[in-house]
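See the structure below:
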């Protein structure tokens, strides 16, 4: 399965996951949205598969606020994805100003020395361990990209955290900014 097919499977599985939650609690889209902290429209878009990807914020809020652990949600939404870290053979350091997610990682988990010797959680170590492409990680660390839930779960594993441990902190610290359409 190529990456585009995997993304389509992510969307399909997340839709099915949300539908199952809606049915389990016998809720309307509006009531489920209120329960988890999302709009009725967002719930509708997820169920109708009209989103282009799975939102980290939606994934976390729906899982946590419907009584699942992040592990349980991951297993239902991403059974087709590999959650195994790669071995690190070499260490290369890049020094560049970071934004958003990149700053979050640097402030909370990287322990570079003053000489900028790569730490166990540096950009390149995360890249190698997770298998996330350099281009994609640069977009997350230095650009305005937002991590997909499966990427975030891999990064949590790479820095030695439990599934959902960082996700909850990140979602609270960096809420989705609403824009007028």
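Numbering (the numbering used here), first residue to last: 8 to 188. Glycine included, every Cβ here is placed at the ideal spot set by N, Cα and C.
1. Could you give the distance in angstroms between the alpha-carbon of residue 137 and the alpha-carbon of residue 90?
2. Nearest to residue 82 by alpha carbon, out of 181, 160, 30 and 177?
3. Specify the secondary structure class of residue 140 as computed by DSSP and reduced to three states.
4. Taking the alpha carbon of residue 95 as the reference point, which residue from 78, 17 and 133 has its own alpha carbon closest?
5. When you compare only the Cα positions, how much space is there between residue 178 and residue 67?
6. Which residue from 165, 142 and 147 puts its Cα closest to that of residue 127?
7. Closer than 6 Å by C-beta to residue 124: which residues in its own chain qualify, once you throw out the five before and the five after it? Chain order, please.
8. Could you give the DSSP three-state label for residue 64: helix, strand or coil?
Walking through what the data contain:
1. For residue 137 and residue 90, the distance between alpha carbons rounds to 8 Å.
2. Its Cα nearest to that of residue 82, the residue 160 stands out among 181, 160, 30 and 177.
3. It is coil, neither helix nor strand.
4. Ranking 78, 17 and 133 by Cα distance to residue 95 puts 133 first.
5. Answer to the nearest angstrom: the Cα atoms are 8 Å apart.
6. Looking at the Cα atoms, 165 is the closest of the given residues.
7. Any answer about residue 124 is weak, because its pLDDT of 49 lies below 50 and its placement is not dependable; what the coordinates show is given next. Same-chain partners within the cutoff: there are none.
8. Here residue 64 sits in helix by DSSP.
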